[in-house]
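Engineer: Take a look at this one; I'll ask things after.
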Amino acid sequence: MEAMKIVIVCTSVSHGNTRRVADAMADVLDAKVVTPEEADPAEPAGADLVGFGSGVFYGKLHHGLTDFVKTLPPCRGRAFVFATSGLPEIPPRPYTRALTRLLEGKGYEVDGAFSCRAFDTWAPFKIVGGINKHRPAAEDLTAARDFAERVLRAAATAPEH
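Be aware that the sequence shown starts at 44, since it is given in the working numbering, and climbs by one per residue.
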């Protein structure tokens with residue numbers, strides 16, 4: 044069986060939190076990790092599976108990532124979404140929902156979303172030296188790897204489009 048081509052498009056701007064999660068997933072997936080600025084919009088269309096992730100800013104994923112996704116051509120590929128954030132997600136409004144819907148609108152089958160807490164020094168937290176100082180921790184990265192394994196199994200067993 045031919046190896047799957049997998050790419051992860053990741054925006055990690057504050058403390059490298061999201062990149063650490065992307066790298067943990069990439070180890071499992073044997074994936075290349077690129078920033079939206081490095082990625083060619085045609086690259087995701089040629090991949091078997093694409094991950095899209097960023098930190099959370101004011102309750103949303105980074106605009107650089109969502110702007111990149113908006114430039115993608117329609118595709119019938121598979122994708123997953125991930126995020127890191129200082130504050131916990133509010134279940135009725137997950138951080139990854141808007142990007143998931145945007146990808147589905149492009150024709151992607153989104154196989155899931157992952158998020159974990161991470162070190163955050165956003166304005167009010169800067170005063171106290173930040174929150175979640177040791178996150179993502181080893182258990183967060185283990186959870187990211189486990190998520191990547193599930194996504195890989197789902198993609199490998201999915202019928203061809």
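C-beta: ideal position from N, C-alpha, C; glycine also. Here the structure is a predicted model, which means the values were calculated and not measured.
Tell me, to the nearest whole angstrom, how far the beta carbon of residue 79 is from that of residue 115; I am working on the premise that it is less than 8 Å.
Structural biologist: So it is not a contact: roughly 10 Å between Cβ atoms.
Engineer: Let me know if residue 139 comes out buried or exposed under the rule of 16 or more other beta-carbons within 10 Å of its beta-carbon.
Structural biologist: buried
Engineer: Could you pull the start and end residues of the beta strand (DSSP E) that residue 121 belongs to?
Structural biologist: 121-128
Engineer: Can you give the beta carbon distance from residue 98 to residue 143, rounded, assuming they're within the 8 Å contact cut?
Structural biologist: No, residue 98 and residue 143 are not in contact; Cβ-Cβ is about 17 Å, not under 8 Å.
Engineer: Quick check on this structure: which residue in 193, 49 and 187 has the alpha carbon closest to the alpha carbon of residue 61?
Structural biologist: 187
Engineer: With 16 other CB atoms within 10 Å as the buried threshold, where does residue 113 fall?
Structural biologist: exposed
Engineer: What three-state label does DSSP hand residue 156 in the structure shown?
Structural biologist: It is a strand residue.
Engineer: Please classify residue 106 as buried or exposed, where buried requires at least 16 other C-beta atoms within 10 Å of its C-beta.
Structural biologist: Residue 106 should be labelled exposed.
Engineer: Classify residue 44 as buried or exposed, calling it buried when 16 or more other Cβ atoms lie within 10 Å of its own Cβ.
Structural biologist: Note that residue 44 scores 48 on pLDDT, short of 50, meaning its location in the model is unreliable; the coordinates nonetheless yield the value given after this. Classification for residue 44: exposed.
Engineer: Considering only residues of the same chain and omitting the five flanking positions on each side of residue 191, which have a CB-CB separation below 6 Å?
Structural biologist: Excluding its 5 nearest sequence neighbours in each direction, residue 191 has C-beta neighbours in its own chain below 6 Å: 68, 71 and 72, listed in chain order.
Engineer: Using the DSSP secondary-structure output, state which residues sit across from residue 96 in a beta bridge.
Structural biologist: 53 and 125
Engineer: Do residue 91 and residue 49 have their CB atoms nearer than 8 Å?
Structural biologist: With contacts defined by Cβ atoms closer than 8 Å, residue 91 and residue 49 form a contacting pair.
Engineer: Rounded to a whole number of angstroms, what is the C-alpha to C-alpha distance between residue 198 and residue 121?
Structural biologist: 7 Å
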